[in-house]
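Residue numbers (the numbering used here), protein chains in the order written: chain C, 1 to 768; chain Z, 769 to 879. We put the CB at the ideal spot given by N, CA and C, even for glycine.
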Amino acid sequence: MEKKRILVVLVILFSLIIFLNENASAQCTVGGCGGGCAGECTSGTSEFGGVCSACGMTMRRDCDSGGAWGGWYCQPYKSIPILVSQRFYDLPPLGDVSNSVLTSNEQARLLYLRNSVIGDNYDSLDSKEYPSWAEYESLAIKQQSTYGQYGQSCGLCGGTIKCDGTCSIPTPSNYGQPCGNQGTIQCDGTCSRPCDSRQGQACGNCGTYDCLGNCINQGLCFVGQTQNLGNCGNCGILQQTCQGNCQYAPAQCINQGPCSAGQVSCSGDTTITCAGNCQWQTGQNCNTQDGWYGGGNTQTATCGSVDNDATSEFRNYGCSGGSCTYSVTQTADCDGSDGWYGGGNSAGCGSDPNSVWNDYYVTTNTGSCTSTTTCSGTGSANCDSNDVCNNKCEGTVFTSVPPMKDYYVVSNSNSCTSTTDTPSTENCATKASTDSDNSPVAYTVPGSVTDYSACTLGGCTGTAYSDSCSGTILTEYGASGSSFTSSAYECQNFESNYCSGDRYYRNEWACTSSPGACTDAADTQIGTNADGDLKDKECGDSLCDNAPNVYDSTKTATETSCADGLDNDCDGQVDCNDPDCNGSVAGTVKNADNQSVSSASVSAKKGFTTVATSTTSQQGSYSIASLSCDSYDLVASHQDYAPRTQAFSLAPNQQLTINFDGGNALVFGTSCEQDCTFAADNIIHASCDGKNGCAFYDSIAKAACDNSQPGWFRDYNETHYVACASGAPQPKVEIEASLSCESGTLVKVTRIVIYNGEPVKLVVAACG
Amino acid sequence: MPKFKIDEITLVLIVALIAMVVGVYNKTAKLEMEAGKIAEVILDDHAISFVNNGVIDGDKLSQIQNMDYNQFKDYLKVKNDFCIYIEDGNGNILLAKGSSKLGRDGLYCRE
């Protein structure tokens with residue numbers, strides 16, 4: 001069995017080998033073997049096939065030395081069946097002769113030989129043809145030489161030789177030659193390296209790009225560039241600036257200060273010094289040194305002799321040459337007042353006042369005089385020691401008894417004199433009081449009133465009442481017969497305001513001393529100088545002294561800003577309170593029929609206050625020319641119409657137009673509205689029935705609601721009521737009030753109120 | 769002469785009667801104060817007042833009518849139940865608002 005299987009396989013395998021061998025032998029026998037079989041052709045012969053695509057060449061294969069055909073290839077000439085021994089080459093088709101490298105004569109000759117001598121059947125032994133073969137061969141060879149080079153590389157530009165012998169890509173005659181600075185000339189005639197695309201454009205500092213992209217012909221600097229070369233002048237900088245041509249301009253000294261360091265000068269009455277930064281620096285205000293200099297009690301006085309104390313001078317300082325200098329405008333010397341002061345005769349034969357030597361001198365650094373009683377020697381004189389008096393005092397009655405000499409010092413001297421009085425008797429109780437200031441109204445003179453009431457041997461004596469102060473109130477005493485008077489006087493009544501130069505002062509008064517008197521006190525500067533120019537408004541400076549934060553330099557002719565809180569033009573009126581900011585309102589007033597309403601009053605109101613009013617013209621126009629910027633109600637009214645109000649805000653200087661037309665037009669006061677009231681009231685009018693949407697339920701309801709108000713209830717009949725004006729009759733619900741608590745006590749509180757136009761009881765019942 | 773004598777029971781009754789009268793009086797006084805307080809709030813310039821210068825404001829009255837009774841009571845800050853009603857000149861009830869505990873015989877306060 002196994003052997004049978006092996007046998008079958010071997011039989012199959014053997015059959016397959018045989019089949020293959022039979023097919024292989026068939027190839028060599030059918031169709032001349034197809035190439036590659038030895039002995040299939042005669043060595044040295046060629047076979048020609050179809051036409052190749054290029055240049056009309058012929059397909060050809062050659063039989064090799066082994067008698068086998070080689071592969072097909074394009075023969076560079078047309079197939080011509082000639083003998084191998086003749087070694088003639090075929091000619092190309094006649095039409096291709098013109099494409100050959102032959103000259104026109106050679107082409108014509110070749111065609112002649114081909115067509116007229118040789119013809120289609122070649123026979124080199126033909127006596128007619130034979131003589132022409134050499135010429136024919138040479139022409140053919142020449143022509144075929146071209147075909148032989150077909151497809152080969154030619155030129156330097158990558159071309160190949162075409163059928164006509166020319167190169168498919170010609171090489172320029174100047175190929176490879178230098179091309180300026182752009183390399184060499186290429187096959188397409190261009191230069192191998194193109195110029196930079198920016199060539200000729202500006203670059204750098206006024207330069208331009210060249211072909212290679214280099215920025216050439218640049219200047220030294222870029223425009224506007226500055227270069228500091230050092231310091232110069234008054235703290236200046238020597239600087240040169242690059243001009244438009246990128247070249248530096250001549251250097252200039254800039255940013256110089258107004259002065260050179262260390263320089264001194266004056267600015268008005270103030271010294272100024274040039275600081276290290278060459279800027280003026282304010283120094284000393286020389287005016288602060290103005291004042292009195294010198295004076296004082298420089299000599300020891302000798303009683304009775306005028307001395308020579310130092311004088312004082314008033315120096316008015318100013319600035320000159322950068323330093324403070326002064327001129328003496330006033331001097332003071334008080335020595336002329338040196339002398340005896342006091343003395344005199346007192347009433348009666350008794351003690352008389354001394355006289356005293358006063359040495360006057362100028363108070364140091366002032367222009368005022370003062371005095372001292374300090375002097376060497378006897379500075380006081382009294383003559384009372386010489387008196388001869390024989391007087392009597394009986395009760396209040398004083399009697400002088402001669403001889404009587406009353407010595408006293410002559411006033412303002414140191415010499416004695418005396419009186420020789422005649423005998424006299426006086427009742428001190430009735431003696432007229434005396435007032436040292438001689439007046440009950442001498443408020444500025446300190447004084448005392450002596451009210452005599454008793455006597456001594458020297459004469460009448462009494463009680464002294466001195467003028468006195470309490471605050472600024474002076475109690476002034478005056479003699480009045482044998483008695484006295486007293487009155488209070490306010491010393492500030494003497495006060496007054498005045499200008500001194502440009503400043504405004506109040507002349508202050510006080511009540512001082514004892515005995516007291518109204519005295520001039522140190523004055524107070526009370527002027528208005530809001531602009532800080534040291535000139536008070538009260539003294540003629542009208543510029544901005546009443547306008548805080550506005551100065552002469554910032555003052556404007558009108559209120560330029562109406563919302564900055566400043567009185568820009570210093571007229572005392574700020575922002576919208578200044579008429580400069582006023583605006584206006586104008587417009588027209590029309591009625592609901594779009595007809596102009598003349599003689600209507602148009603008022604701008606603030607609350608209930610009418611600010612401005614205008615009356616409409618025949619054309620219904622109105623104009624309120626000047627109105628301060630604010631918010632208002634604009635009310636248009638006319639006797640025939642219901643008033644109409646429009647709220648508006650007027651901006652500064654705004655020219656506002658507000659018309660009463662369209663929805664804001666005036667309507668007749670008696671015109672009916674939807675709720676059956678007139679436009680001018682809130683009363684329901686039966687006459688409105690059917691007008692402008694007003695409708696009553698019926699004539700009964702109309703009559704019931706006439707003269708009521710919207711929402712009121714009115715009896716329609718015995719059983720129904722209507723809600724005015726348009727309500728339908730509703731049945732009356734008559735529920736009598738009967739209230740009780742489920743438990744506890746019921747308390748009711750009743751108030752009478754109005755409900756729907758009728759008085760009703762409002763009852764509050766509480767249960768508990 | 770017969771001696772007037774109050775026995776203990778009578779004394780207790782008298783004291784109880786006095787206490788009851790005083791209690792009722794105090795209670796009534798408090799209720800009057802509370803009712804008066806409600807009336808003043810309603811008539812005064814108060815958030816829930818619906819009477820202005822003696823004239824009832826219909827809109828505000830409507831709001832009060834629609835308000836929950838207990839909420840209204842809280843607004844008024846009163847302890848006892850109450851009823852507010854409007855009575856016309858003929859004694860008819862036009863509107864009522866308050867606790868139903870006070871209603872009877874046709875007057876129904878709506879809570």
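Neighbourhood of Val760 (chain C) in chain Z, by CB distance below 8 Å: Ile824, Ile854, Glu855, Asp856, Gly857, Leu862, in chain order. Runs of the beta strand (DSSP E) lying entirely within the region 558–603 of chain C, each at least 3 residues long, are 583–588 in chain order. Annotated three-state conformation of Gln107 (chain C) is helix, per DSSP. C:Ser448 is the residue among C:Asp126, C:Ser448, C:Asp335 whose C-alpha sits nearest the C-alpha of Ser468 (chain C).
Look at Pro548 (chain C) here: in three-state DSSP terms it is coil, with no helix or strand label. Looking at the DSSP output, Ala510 (chain C) bridges to C:Thr519.
According to DSSP, Ser500 (chain C) shares a beta bridge with C:Arg503. Note that the region 365–375 of chain C does not touch the region 387–401 of chain C; fewer than 3 beta-carbon pairs, one per stretch, sit closer than 8 Å. Rounded to whole angstroms, the gap between the alpha carbons of Asp520 (chain C) and Val409 (chain C) is 33 Å. Distances from the alpha-carbon of Thr378 (chain C) to those of C:Thr444, C:Ser305, C:Ser424 put C:Ser305 closest.
Checking the DSSP bridge columns, you'll see Arg61 (chain C) partnered with C:Glu47. Sixteen is the threshold: since fewer than 16 other Cβ atoms of the shown chains lie within 10 Å of the Cβ of Val790 (chain Z), the residue is exposed. Below the 8 Å Cβ cutoff, chain C contributes no neighbours of Ala784 (chain Z), its closest Cβ being approximately 18 Å away.
One alpha carbon belongs to Gly296 (chain C), the other to Gln330 (chain C), and they sit about 16 Å apart. Going by DSSP, Gly693 (chain C) is part of no alpha helix (DSSP H) at all; its letter is neither H nor E. Note on Tyr361 (chain C): 16 or more other CB atoms within 10 angstroms of its CB, so buried under the neighbour-count rule.
Our two residues, Tyr407 (chain C) and Cys389 (chain C), have alpha carbons roughly 10 Å apart in a direct line. Counting only runs of at least 3 residues, the region 288–370 of chain C fully encloses the following beta strand (DSSP E) elements, listed from N- to C-terminal order: 291–294, 312–320, 323–332, 339–342, 355–362. As the crow flies, the alpha-carbon of Glu559 (chain C) is around 18 Å from that of Ala530 (chain C).
One alpha carbon belongs to Asp856 (chain Z), the other to Lys761 (chain C), and they sit about 6 Å apart. Sixteen is the threshold: since fewer than 16 other Cβ atoms of the shown chains lie within 10 Å of the Cβ of His814 (chain Z), the residue is exposed. A distance below 7 Å between beta-carbons, with the five flanking residues on each side excluded, links Gly669 (chain C) to the following residues of its chain, in chain order: Asp640, Tyr641, Ala642, Phe678, Ala679, Ala680.
The alpha-carbon separation between Cys539 (chain C) and Glu313 (chain C) amounts to approximately 29 Å. The three-state secondary structure of Lys537 (chain C), taken from DSSP, is helix. For Ile806 (chain Z), the neighbours in chain C by C-beta distance under 8 Å run, in chain order, Val749, Val764, Ala766. Following the DSSP letters along the chain, one finds Leu474 (chain C) inside the beta strand (DSSP E) bounded by residues 473–480. Neighbours of Val790 (chain Z) in chain C, taken as residues whose beta carbon is under 8 Å from its own, are absent, since the nearest beta carbon is some 14 Å off. Annotated three-state conformation of Thr434 (chain C) is strand, per DSSP.
Under the criterion of beta carbons closer than 8 Å, Ser637 (chain C) and Ala600 (chain C) qualify as touching, at roughly 7 Å. For Ala704 (chain C), no beta strand (DSSP E) segment is defined; the enclosing uninterrupted segment is the alpha helix (DSSP H) at 699–705. Following the DSSP letters along the chain, one finds Gln833 (chain Z) inside the alpha helix (DSSP H) bounded by residues 826–834. At a Cβ-Cβ threshold of 8 Å, Pro258 (chain C) and Trp280 (chain C) count as neighbours. Leu746 (chain C) carries a strand assignment under DSSP once its states are collapsed to helix, strand and coil. Only buried fits Pro446 (chain C), as 16 or more other CB atoms lie within 10 angstroms of its CB. Below 8 Å, too few C-beta pairs join the region 548–559 of chain C and the region 521–528 of chain C to call them touching: fewer than three. By the neighbour-count criterion, in which 16 or more other beta carbons inside 10 Å mark a residue as buried, Lys606 (chain C) falls on the exposed side.
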